[in-house]
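Once you know that position 268 of the sequence shown is 277 in my numbering, the rest is easy, because the numbers rise by one and skip nothing. No residue lacks a Cβ here, since even glycine has one placed at the ideal position from N, Cα and C. Written below as structure tokens is the structure these notes are about.
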Amino acid sequence: MSKNAVRIKDIAAKANVSVGTVDRVLHNRGRVAEDVRQKVLLMMQELEYEPNMIARTLGSNRTYQLAAVQPSHTLDPYWQAPWEGINKAARELQQYGVTLRVYPYDMSRVDSFREQMELATQAQPDGIVIAPLFYRESLPFFERWQHAKIPYVLFNTYITEINPLSYVGQDSYQSGFLAGKLLQFGQTQPGTYLIAHIAEDIANSVHVTQKEQGFRDYFAQLPASQTAGITVRSIDLPYPTEPAFAGRLTGLLAQNQPVRGIFVSTSRAYAIAPYLQPYAAAIRLVGYDLLEENIHYLQEGTIDFLINQNPKEQGYYGLYALADQLIFKKEVPPLKYLPLDIIAKENLHYYVEK
């Protein structure tokens, strides 16, 4: 019998019980003898019965209030994409009673993060999707949500010592490892490879430290014959608008040991690109994400590769993970890693929306 055609009355007939008994087993209500319950469950399994959760949800009057906490897309263009993904998912889920409220924070101000997290918590939503860029400040809120039994999904930043419903995003460690390979592959001359952190609180940014560890581990695992004369360094740079940014960067580029490659740990590769133009192809530059400024320098050839973290999909699948548990009663995988796409100017047109 086709599982799509299986009805409750078919299960009842097969188990030799009433339709009401099957209904009580399905919805775990009322009193049913254990041997009868097991018999009904066995018949459901044999008939490959699957409840129509979508139809059941559409027929109910239940509403679900979901919250999204992420950096403001008006202050940093990278966050436009996950914001669009979250809102796209919310529109699709509206027919199932989902409403969404977004709590945007200023990623340069920890007090803004705390304020928006507190507002989201006080609203007592049914579920929360969050990009927790401030590691230390996130933990007390996660404990409160856990205690209140509010499921939450992380995206962009994976924190290992907590227990979210799921994480959706890139494998930060592997992306750093990949960046190291993209910088060093085919290089035969000694020199310095830099990982540049721009305006980041490294100690409080788990995803950034994971990227750096992956980057360093790539070089550490190379045979000694390939690492002779190679130095791996990390540099912390201020905001590109600050005068110290240019001074620090030009000083590094002018040192005696030549710089062979720079890996920018965030989406701000465009900030370093203008300083590399005098060096032509001598210094490779690898960064993240298809921002308009990054695309410009990729097409120009100053940026060699961009690693696409699929930010729109992170937001989209993050909100859907909550819906899968709350509405559709599906089992949600604890990790959903998205592909690390390597973008060069030769394949850029496949990724840029017209």
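Spatial neighbours of Y167 in its own chain (CB-CB distance under 6 Å, excluding positions within 5 residues in sequence) are listed in chain order as Y176.
Annotation for K48: the continuous alpha helix (DSSP H) segment containing it runs 43–55. Taking C-beta separations shorter than 6 Å and ignoring five residues to either side along the sequence, A291 has no partners in its chain. Note that the segment 348–363 does not touch the segment 125–134; fewer than 3 beta-carbon pairs, one per stretch, sit closer than 8 Å.
In the structure shown, G200 adopts extended strand secondary structure according to DSSP, grouped into three states. The three-state secondary structure of T240, taken from DSSP, is strand. Residue burial annotation: L231 is exposed, with fewer than 16 other C-beta atoms found within 10 angstroms of its C-beta.
Cα atoms of V78 and K321: separation of roughly 15 Å, rounded to the nearest angstrom.
Within the segment 254–278, the complete beta strand (DSSP E) runs of at least 3 residues fall at 268–273. Here the segment 141–155 makes no contact with the segment 89–98; the two share fewer than three CB pairs at distances below 8 Å. Between the C-alpha atoms of G178 and T218 there is a straight-line separation of about 16 Å. In the structure shown, T72 adopts coil according to DSSP, grouped into three states. In the structure shown, the three-state DSSP call for Y167 is coil.
In the displayed model, K190 falls within a helix according to three-state DSSP. In this structure F186 is buried. Its beta-carbon is surrounded by 16 or more other beta-carbon atoms within 10 angstroms. Taking C-beta separations shorter than 6 Å and ignoring five residues to either side along the sequence, the partners of A24 in its chain run K48, V49, M52, following chain order. Under DSSP, T108 takes part in a beta bridge, and its partners are Q74. DSSP places I20 in the uninterrupted alpha helix (DSSP H) bounded by 17–24. The residue from F224, V162, T236, A188 with its alpha-carbon nearest to that of Q198 is T236. If you draw a straight line from the Cα of H216 to the Cα of S276, it comes to about 13 Å. Under the Cβ criterion (8 Å, minimum of three pairs), the segment 259–274 counts as touching the segment 199–206.
Non-local beta-carbon contacts of R242 in its own chain, meaning distances under 8 Å to residues more than five positions away in sequence, involve T201, Y202, L203, I204 in chain order. For Q318 against D298, the beta-carbon gap comes to about 6 Å, under 8 Å, which counts as contact. For S175, the uninterrupted beta strand (DSSP E) run begins and ends at 175–178, by DSSP.
Between R110 and A140, the C-beta gap is not smaller than 8 Å, which leaves the two residues out of contact.
Residue environment for N165: buried (at least 16 other C-beta atoms within 10 angstroms of its C-beta). Residue pairing by DSSP leaves G310 without any beta bridge partner.
In the structure shown, A205 adopts extended strand secondary structure according to DSSP, grouped into three states. For I159, the three-state secondary structure derived from DSSP is coil.
Sequence-distant partners of V31 (beyond 5 residues in either direction) whose C-beta falls short of 6 Å from its own C-beta, in its chain, are I17, I20, A21, V49. If the five residues before and after R46 are omitted, its C-beta is found closer than 8 Å to the C-beta atoms of V34, all from its own chain and listed in chain order.
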